[in-house]
Each structure stands twice: as C-alpha cells, then as structure tokens.
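Engineer: What follows is a structure written as structure tokens; I'll ask about it next.
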Amino acid sequence: MPQSFVCVHPLLLGAADYLFIAICAGLISHPVKDCCMAFSHNLKRLRQARGMTQEELALACGWGGQSRVANYESNSPKAREPKLSELSAIAEALCVSITELLTDHDLGEIGSGVRQPALISGHMIGDRLKDLREAAGMNQPEFAAIAKTSKQYVGRLEKGYNKDPNPKFIELWARHFGVRMEWITAGKLPKDAGSKDVQRPAEVITASRQVDPRLLSRVHALLAIDRAYDLGNQEDAILFARAYEWLAQQGEVADSPQSFDKFLRWAAVR
C-alpha cells in the first residue's frame, strides 16, 4: 500500500506543528506508537515535576475534569491521541514546547520539567489575588464573577501560569476589594485604596502643569471607552488623574480605543 502524505506546504506551518504532523503521517522515522509513548511518559513526568495533579493540569488547560489528562498518561492502546490544539494547551500550561512533549528526552534535557512561568513579579500577583479571595471567604468561581472571567483563568493566575494578567480584571478586583492596583501588580504599599499616603487626584494633575481643558476632554474620551466613571468615587478620580498624566506624556497618538489597555498597564506600575 502506498504511503500517505500530508498535503500541507511546510512553509505554512510552525516547526513544532510540522514535526507533529510528520510524525503522525510517518514522514519521518519516529513511528506514531513511539511518539505517543514518549508523549504519555513526558506528560506525566512534567506534570509531577511541577507538583500538579491531573485535575490541576486539566484546569490550567481550560478543560472541565481530569479524564482527558488521565487518558493521555495511561499509555493504553485504547487511549485517544491528542489533537494539535490540545497539545498546544498542554505545552503552554507546562511551559514547554510541543516538540519537547512529543520527543523522547530525558527529563533533565528539557529543563528538568520546571521551566518557570514569567510573571511581572513571579507568583506574587497570584498570591496577592488568592489572599484577597480567601480573606473574603470566596471560592474561585465567585472571585472570577467579579471580573466576568472564568474560574480556570483565576486558577491559572493563582498558580502563576498566566504570563500577562488582563489589566481590566486587575482593576475590577482592586475596585471591589478597595485595594490599589499597584499593590496587586507590584506589592507597592499602601495596600488600601483609601490610605492617606496615596497621592490625591488634584496633586497628581497640578504637580507639574496647569490643567488643560482640551486634555481633560481627551481623558474623558479615553476612560469612556471602557465604562462610565464617577469622579465622586476616589478610585475613579485617581484613575482620571493618572489618565491625565499619561495622555500629557503620550500626545495625541494615544487617542484610540486600543490605548486604554496600554494606559492601565502604565498606571499599574506607577
């Protein structure tokens, strides 16, 4: 019987994707059976090296339960082979490449299975969010509902797997719990939003320049992109003052819907 080939131009694929397709199609010498055995073996060792249960890995991948992970680790002839999208999710959760998942390496050759995720402050953001949640007696779904996100996202944050936390979510949690975004993202004290040590909005705006009415109008347009705000609320007033400072530095190039996220990232580390 003639050998089947995958009719996809290799230039349209990433190296890891091409390797996976080539292995499973028999285009290179690594047979599918050996590939699946290596994947099953690597998956279990990498997961255990990171101190994760099957359920925790499943949650990090955005799956509902541990059965899919258990199936892949079983190395059973009846085990279902993973889809490329599932391999990508596992590789991201374990901070390795798809190639490293599929090929037969000693664990020490792939970073001892502990390629640490890179957060702004390591696990500190997740730790502080977890502290807020537990102090309020909330479970992860309740905490996630505040930011209108998923419990899986919260779980990834708390474990330090998310490399780039959404600044809008951070802002919503900060507002809900009455803490400063700077405390969540960088551990900067004071923690409480109402602390007397926090610079007042008027001080921020007038510290280096007179108030520009045109700039005030631009600040309003920038903040209105996200939601309605209330200057009678101290947190909103501080946010307005920070936006004024940021726009004054950036110039009119910052007047776009995409600018709001950039502003929040800037404000989070001020």
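Sequence positions in the sequence shown follow the UniProt record's numbering and run 1 to 270.
For each residue, glycine too, the CB sits at the ideal point set by N, CA and C.
Just so we're clear, the structure is a prediction, and the values are computed from it rather than from any experiment.
1) Just how far apart, CA to CA, sit Gly178 and Ala221?
2) Does DSSP classify Asp226 as helix, strand or coil?
3) Which same chain residues, not among the five before or five after Phe260, have their C-beta less than 7 Å away from its C-beta?
4) Are at least three pairs of beta-carbons, each pair with one atom in the stretch 135 to 147 and one in the stretch 74 to 88, less than 8 Å apart?
5) Which residues in the same chain as Leu264 place their Cβ atom closer than 7 Å to its Cβ, once the five residues preceding and following it in sequence are excluded?
6) Look at the Cβ atom of Arg156, then the Cβ atom of Ala60, and state whether they are nearer than 7 Å.
7) With DSSP as the reference, label Asp192 as helix, strand or coil.
8) For Glu73, I'd like the list of residues in its chain whose CB is within less than 6 Å of its CB, leaving aside the five on either flank, ordered along the chain.
9) Using CA coordinates, which residue listed in Leu129, Leu215, Tyr153 and Ile238 is at the minimum distance from Gly64?
10) Should Arg180 be labelled buried (16 or more other beta-carbon atoms within 10 Å of its own) or exposed?
11) When every heavy atom of the ligand FAD is checked, does at least one fall within less than 6 Å of the C-beta of Glu182?
12) Check for me: the alpha helix (DSSP H) holding Met52 runs from which residue to which?
13) Is it buried or exposed for Gly137, if we count other Cβ within 10 angstroms and need 16 for buried?
14) For a quick check, are the C-beta atoms of Glu158 and Gly126 less than 7 Å apart?
15) If you compare alpha carbons, which of Ala38, Ser76, Ile90 and Tyr244 is closest to Met52?
16) If you count every other CB in all the chains shown that lies within 10 Å of the CB of Pro213, and 16 or more means buried, which is it?
17) Between which two residues does the alpha helix (DSSP H) carrying Asp131 extend?
18) Under three-state DSSP, which class holds Val96?
19) So Ala147 is in the alpha helix (DSSP H); what residue range does that whole segment cover?
20) Quick test of your reading: Leu216 and Trp173, contact by CB under 8 Å. State the CB separation rounded to the nearest angstrom.
21) Are the CB atoms of Leu46 and Leu84 within a distance shorter than 7 Å?
22) Report buried or exposed for Gln249, applying the criterion of at least 16 other Cβ atoms within 10 angstroms of its Cβ.
23) For Leu239, count the other beta carbons within 10 Å of its own beta carbon; 16 or more makes it buried, fewer makes it exposed. Which is it?
24) If you draw a straight line from the C-alpha of Arg68 to the C-alpha of Thr149, how long is it?
25) Need the endpoints of the alpha helix (DSSP H) that Lys168 sits in, please.
Structural biologist: So, to answer that:
1) Locating residue 178 in the sequence shown gives position 178, counting from the first residue. Locating residue 221 in the sequence shown gives position 221, counting from the first residue. Spanning the two alpha carbons is a distance of roughly 25 Å.
2) Along the sequence shown, one-based indexing puts residue 226 at 226. Asp226: coil per DSSP, three-state reduction.
3) What you label residue 260 is simply residue 260 of the sequence shown in a count that begins at 1. The residues are Leu222, Ile225 and Asp226.
4) no
5) Taking the sequence shown and counting its residues from 1, one reaches residue 264 at position 264. Taken in chain order, the residues that qualify are Pro167, Lys168 and Glu171.
6) The count along the sequence shown starts at 1 and reaches residue 156 at position 156. The count along the sequence shown starts at 1 and reaches residue 60 at position 60. For Arg156 and Ala60, yes; Cβs fall inside 7 Å.
7) Residue numbering aside, residue 192 sits at position 192 when the sequence shown is read from its first letter. Asp192: strand per DSSP, three-state reduction.
8) Within the sequence shown, the letter at position 73 stands for residue 73. Answer for Glu73: Ser40, Leu43 and Lys44, listed in chain order.
9) Translated into positions along the sequence shown, residue 64 becomes position 64. Nearest C-alpha to Gly64: Tyr153.
10) The residue given as residue 180 occupies position 180 in the sequence shown. It counts as buried.
11) Ligands displayed in this structure: none; no statement on the ligand FAD is therefore possible.
12) On the sequence shown, position 52 is the one that residue 52 refers to. That residue, Met52, is in no alpha helix (DSSP H); it is neither H nor E in DSSP.
13) Here the question's residue 137 lines up with position 137 in the sequence shown. Per the 10 Å Cβ criterion, exposed.
14) Your numbering for residue 158 matches position 158 in the sequence shown. Your numbering for residue 126 matches position 126 in the sequence shown. Against a cut-off of 7 Å, the Cβ pair of Gly126 and Glu158 comes out as a contact.
15) Locating residue 52 in the sequence shown gives position 52, counting from the first residue. Residue Ile90 is the option with its Cα nearest to Met52.
16) As a working note, residue 213 is residue 213 in the sequence shown. Burial call: exposed.
17) Locating residue 131 in the sequence shown gives position 131, where the first residue counts as 1. First-last of the alpha helix (DSSP H) with Asp131: Met124 to Ala135.
18) Residue 96 sits at position 96 when you count from the first residue of the sequence shown. Three-state DSSP puts Val96 in coil, outside helix and strand.
19) Position 147 of the sequence shown, counted from the first residue, corresponds to residue 147. Element bounds for Ala147: n/a, residue is neither H nor E.
20) Locating residue 216 in the sequence shown gives position 216, counting from the first residue. Locating residue 173 in the sequence shown gives position 173, counting from the first residue. About 28 Å separates the two Cβ atoms, so there is no contact after all.
21) As a first step, residue 84 is located in the sequence shown; it is residue number 84 there, counting from the start. As a first step, residue 46 is located in the sequence shown; it is residue number 46 there, counting from the start. No, the Cβ-Cβ distance between Leu84 and Leu46 is not below 7 Å.
22) The residue given as residue 249 occupies position 249 in the sequence shown. Exposed: under 16 other Cβ atoms inside 10 Å.
23) What you label residue 239 is simply residue 239 of the sequence shown in a count that begins at 1. Flag for Leu239 reads buried.
24) Reading the sequence shown from its first residue, position 68 is the one you call residue 68. Reading the sequence shown from its first residue, position 149 is the one you call residue 149. Roughly 23 Å between the two C-alpha positions.
25) Taking the sequence shown and counting its residues from 1, the one referred to as residue 168 is at position 168. Residues Pro167 to Phe177.
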